[in-house]
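Colleague:
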Amino acid sequence: MSNRVNMRPTSKNILLKVVILGDGGVGKSCLMNRFVSNQFDENSFHTIGVEFLNKDVEIDGETYTLQIWDTAGQERFKTLRTPFYRGTDICMLTYAVDDKASFRNLNMWKSEFLFYADIKENTHFPFIVVGNKTDVSCEERKVTQMEMEMWCDENGVASCIETSAKNASNVQEAFKLAIRHWLKAESKGDKNESCYAADTVDLNKRSSLNRSSCCMGSTEE
Amino acid sequence: MQEELELVMRCIEIIRIREISCESCGALRRSFSRRNPYYKSIYRPKTGDTGRKRDKELPNIEDLQSLVLASHKNTGRRKIREIQNCQKKFLRKTLRQFLYKKKSTPWIKRWRNRKVNPAQPQIQQVDGGFFERFGSLLRESAEIAKEQEQKEQIECAEQAAKVITKIEEETEEDEEKKVKSDEENEEEEIAPSDTEDNKADYIAVGWNIDDLYLEILYEILHNVGCDVSYDIGQTALFSYIQDAFKMSNEKHEELLAKAEQKEAPDILLNVEIIEAKDIAPKDSSGFTDPFVTLYLTSNSSHRYNTSVKTETLNPVWEEHFALPVTDKSIEDTLCLEVWDFDPAESVREKLGKMFQVKGIKGVRKFVKEVAVTATTGQHTNELVGMARIPLKTIPASGMTMWYSLDKKNKLTRQGVVKVHLAFGSEKNQQVAAQEHRHLLRILLLHELESSQVSPYWWCGNFSGQAEAIITQHSVQSGLTVTDVALSQFAVYSSIHRDHPLNFALFSNLIDKLIKPIQTMTVSEEEAKLFWDSVKRLLPSCFATIRKIRKKCPNEKATLKMIKEVLKILSQLITIDPPENFNLFPANLYGWLSYAGEGPNCDINATLRDAISQGASDWFNYILENNQTSDNSEEGKLQNMLKIIQLVRVDLQRAIEYYDRMFQEIMNFQYAKCLYILYQVRIATMVEPEVVTMCKSLKTINYDWNCFSDSEANEPLALGTKLFELYLALQRFVVLGQGLCPADYESFHIRNFYDWFHGGVTQWLDIAVFKALKRIEKAVELDNLKPVDNTVKFSSSALDTLTIFHQIKIFWDQLNWPDVEGSYTFIAKIIDDICRCCVFYADRTSQRVEGLGDRVDVYEKRFEVTSEWCLAINNIDYVRQSLKPFTDKLGMEDVIQQLSELKSPLDAQRCQHTLNNVIENSIDTVRNKIIELLETVTNKMSPAMKRLLVEGAELFSQDSNSIDKVMRYLDNNLATLHEHLSEDNFNRILEIIWENLAEILSDLIQSNIDKRRPPSFFANLRNTLQLMVKCFKQSEGDSECDQLKKVEYLLFINGLETSELIHQVHLDRWREQQNIKQGPFGELTVRAKFEGNVLFVEVMNARNLHPMDSNGLCDSFVKVCLLPEEKFTNIQKPKTQTQNKTQFPLYDETFKINLTSEQKNIKDGLLLFSIRDKDLFGMNTQFIGEAFLHFNEIAQSTESIESHPQLQLPIHRPTNLNTDLMKALESRQGDKLAKEFVKKFKQKMVKETN
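Chain order of the listed sequences is A and B. Sequential numbering of the first sequence, starting at 366, is according to the numbering used here. Sequential numbering of the second sequence, starting at 99, is according to the numbering used here.
1) In terms of residues, what are the limits of the beta strand (DSSP E) holding L386 (chain A)?
2) What does a CB cutoff of less than 8 Å around R848 (chain B) pick up in its chain, not counting 5 residues either side in sequence?
3) Under 7 Å between C-beta atoms, does V501 (chain A) make it to chain B?
4) Just how far apart, CA to CA, sit L235 (chain B) and S346 (chain B)?
5) Since A530 (chain B) and L607 (chain B) are thought to touch, with beta carbons under 8 Å apart, how far apart are those beta carbons, to the nearest angstrom?
6) So what does W437 (chain B) bridge to, in DSSP terms?
7) Please confirm whether Y938 (chain B) has its beta-carbon closer than 7 Å to some beta-carbon of chain A.
8) Closer than 7 Å, Cβ to any Cβ of chain A: which residues of the region 962–976 of chain B, in chain order?
9) Establish whether the CB of T444 (chain A) and some CB of chain B are separated by less than 7 Å.
10) So, for I1281 (chain B): in the same chain, excluding its five sequence neighbours on each side, which residues have a beta-carbon less than 8 Å away from its beta-carbon?
11) Which of the three DSSP states is assigned to P852 (chain B) in this structure?
12) Note down, in chain order, every chain A residue with its Cβ under 9 Å from the Cβ of L1003 (chain B).
13) Residues bridged to D951 (chain B) by DSSP?
14) Give the secondary structure of C525 (chain A) by DSSP, where H, G and I count as helix, E and B as strand, and everything else as coil.
15) How do the region 727–734 of chain B and the region 705–716 of chain B stand: do at least 3 beta-carbon pairs fall below 8 Å, yes or no?
16) Using only alpha-carbon positions, find the residue among B:R1085, B:I365 and B:L411 that is nearest to E373 (chain B).
17) Would you please verify whether the beta carbon of A703 (chain B) is less than 7 Å from any beta carbon of chain C?
18) Does the distance from the CB of Q711 (chain B) to the CB of R647 (chain B) come in under 7 Å?
19) How about the region 906–925 of chain B and the region 937–954 of chain B: do they share at least three Cβ pairs that are nearer than 8 Å?
20) Between the region 785–796 of chain B and the region 743–754 of chain B, are three or more C-beta pairs nearer than 8 Å?
21) If you draw a straight line from the alpha carbon of L820 (chain B) to that of P553 (chain B), how long is it in whole angstroms?
22) Give every residue of the same chain whose Cβ lies closer than 7 Å to the Cβ of A1041 (chain B), excluding the five residues on either side of it in the sequence, and list them in chain order.
23) What runs of the alpha helix (DSSP H), each 4 residues or longer, lie entirely inside the region 334–361 of chain B?
24) Ordered along the chain, which non-local residues of its own chain (more than five positions away) have a Cβ less than 8 Å from that of I544 (chain A)?
25) State yes or no: is the beta carbon of L862 (chain B) nearer than 7 Å to at least one beta carbon in chain A?
26) When DSSP builds the beta bridges, which residues end up paired with R518 (chain B)?
27) Can you give me the C-alpha to C-alpha distance between N1198 (chain B) and A1331 (chain B), rounded to a whole angstrom?
28) Buried or exposed for R1146 (chain B), going by 16 or more other Cβ atoms inside 10 Å?
29) Assess contact between the region 395–403 of chain A and the region 442–454 of chain A, defined as three or more Cβ pairs (one per stretch) separated by less than 8 Å. Is contact present?
30) Pairing CB atoms from the region 915–935 of chain B with CB atoms from the region 861–869 of chain B, are three or more of them under 8 Å?
31) Can you round the beta-carbon distance between L1046 (chain B) and I1097 (chain B) to whole angstroms, since I take them to be within the 8 Å contact cut?
32) Looking at the structure shown, is T898 (chain B) part of a helix, part of a strand, or coil, going by DSSP?
33) Please identify the residue among B:C967, B:Y501 and B:I492 whose C-alpha is closest to the C-alpha of G483 (chain B).
34) Under a CB-based cut-off of 7 Å, is N398 (chain A) close to chain B?
35) Quick one: grab the DSSP three-state call for D863 (chain B).
36) Taking the Cβ atom as the reference point for each residue, do E965 (chain B) and L1071 (chain B) lie within a distance shorter than 7 Å?
Next comes the structure, spelled out in structure tokens:
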């Protein structure tokens, strides 16, 4: 991950490139807009290719500048969004809790990202899974939190969170969680990358077992 | 008989030069093709089963083969000619044998059929590429022969192969390669025999060759006309005809004798009186009513008259007359007389014309006419003039001439008359025409044989002898011009199939025939003959168009040829073939897409098909011939590129040479037709490959930090090739836009970029990869000297911008048509450029790292160098160029288009994103610059720190060390100022301030810890002030707060303890200014200076803080002057105690005498200390205090009552945590300080109670 250090002036804010992936219509743009400008547009349009926004976030006294690339989820935009994967620090895999298909596609998104971001096989990359649209009613909900956690366990993803861009619930937390997760991966990665990959599985398993109903628990470990 | 005749013709044909070789080649080829499946595939008969069956039925192929082989064996290494002669002789002999057979055998039929199968012309049309194959084919054929024949024969076979190849090469030099051959087309041309067609031509009439020969001899004997025959002489003609007919001497003599016995022919002189001009006026009206009388002088009684044309001087008759002549009448003369017709008019009628009379001459004539009419009452014709034409001046081929009219007694010309004169016969027209055709055929074949004309070359010029004989025959047979033209057309078109003739010949003939055909002046049979000939001619025409690529377009001959072909077609379009006439039989035109029912006569459609088919075949051919063994993706790409290139060349050629011709003559858009075909083919070829390739493209692996081992080369090369292909297609599509603007929208290839979607990502990566490599190199090569005197950056900055420019060029070239893609790619490019900038900044700082470090025996320090400055400037220059660069990417256009395509809102969002990306980039790079500036400052700081310390220690004793600081800073700042841009200089100044402040606060802290005396800090402060002065370019420059604070710290730490204490008091006074209501009450006083005397009236206090348990106070006020040490001689006045009241009234005035020195002391203060006296008077408690600055006390001589009362809030110290108190507290060894701090704390403690 040394290749990303260049983007980050040492004495200034730490710059983090965040890419938001997920099926079309799961609310990626809404998530970003809620996070950056605290706005929510019910009738938002499809994203064309990519969108980009900046946002400073303070965590533990350190300011991070997030460079957020919001991508278009439709298949026809595939060739337009994939160029932007390279050099990413954090990847947000999103789905909508009322859309089972979008959840099933997480695998596809993950592998698409790993392929185009040119990330080596066994490197641990800070993915975070975000289940959006928790504002829907119980009947409409198709993916439970348990399912999400199980998917994360199976796929070696350490962080996950459910959000609602509409209600502004957990949106800030999601991004902060992502940063914390990145910090953790970074510090471990710096020490010994290869060892880390081997350790990951156990660590995650334990943590996920201990995890309470609130996903935020994972950040505390 | 008919068949025999045909065989003779065939025989002669075959024996023609080089034909024999083709024939045997064909036979050889065929024989092998039956055995060897490989050859079968090459020479597969296109026409299907019939052709193949015919091949199989051939009984004598082996014979023929051995014949050829044998002939070579016999002749050994003799010359080609000799071999051919042998072959000729042999064949002639063979054929003669057949000739003598009374009935045709099945073999003959079959043989003839096979012969008709026009394989040969195709072989002749093959060019160089084919030869290679063909040669090898024959070589292989020899190998097969090896198994069967003996070794000698093999040698012969090889020779034969060489010879045959050579002969063909000789004859087909004009068909030089350039465009590669498409052999398979050859086979297609091999049409099945259309025997009926041939029969119609020369078998229908059972004409005996001897009879024809006899007829010709007879005609030579009875020569007519004044043409060449006179010059050539009978003998020459006889020997020529004998040669042409291949007649033996005996036979010739025999037939000649017969011919001489025959009676002289009946010859007619055909006269057409066409028109006359400028006839002398004979009538009084100034006109004439002319008619012509003609007769032969030998028979003047037999006269012919034309009709009368009334009242004209330029009559047109166009009337025909046939005057019988004998061959003895060659000395005869034809007389033409033009007369003025004068009908019998009554005098009255004449007079009626009076008004038409012109001029005096006319009046005279009129009078004369009236007189004559009146007297005779009869018509009297008047001779206008006459012409005499000796018959021997008339050529046999006929002529059209103007003759002038003479009158015996008149010298002036009486006018001119145009006459067509020709000899003719009274023969049966049909017979004559057929005779003529056969004659033409025999003579033409003879001509072709003897003069070795190249294919497509002969254009109607016979040798003198042949010309004479043909002319004689046409004249003596009485053939009309149309008859002759039709005969020629029929014969030439039939010969053309075997030996191509010049198309101009046909175009001229059709020109002559088109009118009679149009006007239906020819018989139905003649029309049929015409159309049959057309049918024979057309395949060759279309073949020419289909094989247009074999011709060299910049040769005049080629263009001429195409032009003539098109002319032929354009002429034929104007006439309609007879009903139910199938002009394009399906068996001949296998490539035709015609799907309608019934006969097909659509020349235009056929032309289109021919062009499409030709292009399509050619495309197939280049596809086949460019199949590379290299099956890698790169190889495939290279191949496709090559093919597109070839197609482009072909299109260009079409546009350059042919298109105008096709449009002008046939109104056919040739290039457009080709393009439409090619675009489909190219799309079909490229699309699947590219789509697959783009899907499986490997991403380029590169590390931002090191490139030395570039494993990325393979995908790099592939990506580059892919881009080349993209550009090639792009150019191709642009070409199509120009060629077919109307149809362009429907072309599939228009969306070619869609196939490349996946590739763009890689190209962008490649662009970045290349850019990074170049940047690395540019930085490496940069000597960090300004490129010239006017600028403050060096070469690598310029190089980097050039690289960016190249990315922009790449973007321009890509010219991505899809708006959404464009937008996204622009975002990507900007992001990439930003990365490049950052990379450049990093490389640049790495490059200057280590520069400017000085090590000598005394010290190690860093000097700012111009290189550092340039490095910073470079990065800044690149940063500043970012925005203009992004503007040049065409963002605005894209946003505009997005707004139209989607919605303005979408466009706005995209615009927003792009702006964000740009700003983010610029910010990031600016941070890089700041980072570098900080690096510079950090490098300077050790030296600054040391110098400061030295300055503090030695300030008073050693000014030298200060000089050193000053020099160091001065030098470095000068360098920075000189080289950095103003912005960056100011920026670095700020950073230096901050840095300095940091150093100093560290220094202060550590030295306080070390309990340095105040003088140390004072010195340090002096040093700092010197430095700041030196830093500052002008007064009022913004100083950073940190530095101000540090300076203040230095200031207070540099003070003596008493001064420090006074500062505390002043601080308290300042504090007091902000207190609205005293927390411990308020004190009212009046004060004034009168000279050096200070009057202070302590009047009262209010709301005093209760100090006693009863909630009241027993207060008094003590007045001190501060700083205390300056007023040691002054007794501190004190009021009386006012018991048990919170609102005491003191009302005491104190008069304090001061020295003027004391009175004018800076920051002198009055301190009112309000205290509570306890019951026993043992102790006093501190209630609070109030301050009055000397500044606040007026200078006045008036009584103190007239001065305003001053309300002072009573307060207590609250904050121990000030810099001043800290400084005091730090002076632990100082008794004064210690006591003051203790008291200060006590005052505070009281408050908390």
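The beta carbon of each residue, even a glycine, is placed where N, CA and C say it ideally should be.
Modeller: From the atom records:
1) I379 to G387
2) V831, G834 and Y842
3) no
4) Reliability of the predicted coordinates at L235 (chain B) is poor, the pLDDT of 41 falling under 50, and no value is obtained from them.
5) That pair is no contact at about 18 Å.
6) B:F389 and B:L481
7) no
8) none
9) yes
10) F1178, G1179, L1202, H1203, M1205, C1211, S1213, I1268, R1269, D1270 and I1308
11) Before going further, note that residue 852 (chain B) is Asp rather than Pro in the sequence given. Three-state DSSP puts D852 (chain B) in a helix.
12) F410
13) B:F960
14) strand
15) no
16) B:L411
17) The structure shown contains no chain C; the protein chains it does contain are A and B.
18) no
19) no
20) no
21) 45 Å
22) R959, F960 and Y1066
23) 347–359
24) L381, V422, I424, Y429, L431 and I455
25) yes
26) Here residue 518 (chain B) is His; the residue named in the question, Arg, does not match the sequence. B:E370 and B:T498.
27) 33 Å
28) Checking the displayed sequence, the identity of residue 1146 (chain B) turns out to be Tyr instead of Arg. Exposed, by the Cβ-count rule.
29) no
30) yes
31) 7 Å
32) helix
33) B:Y501
34) no
35) helix
36) no
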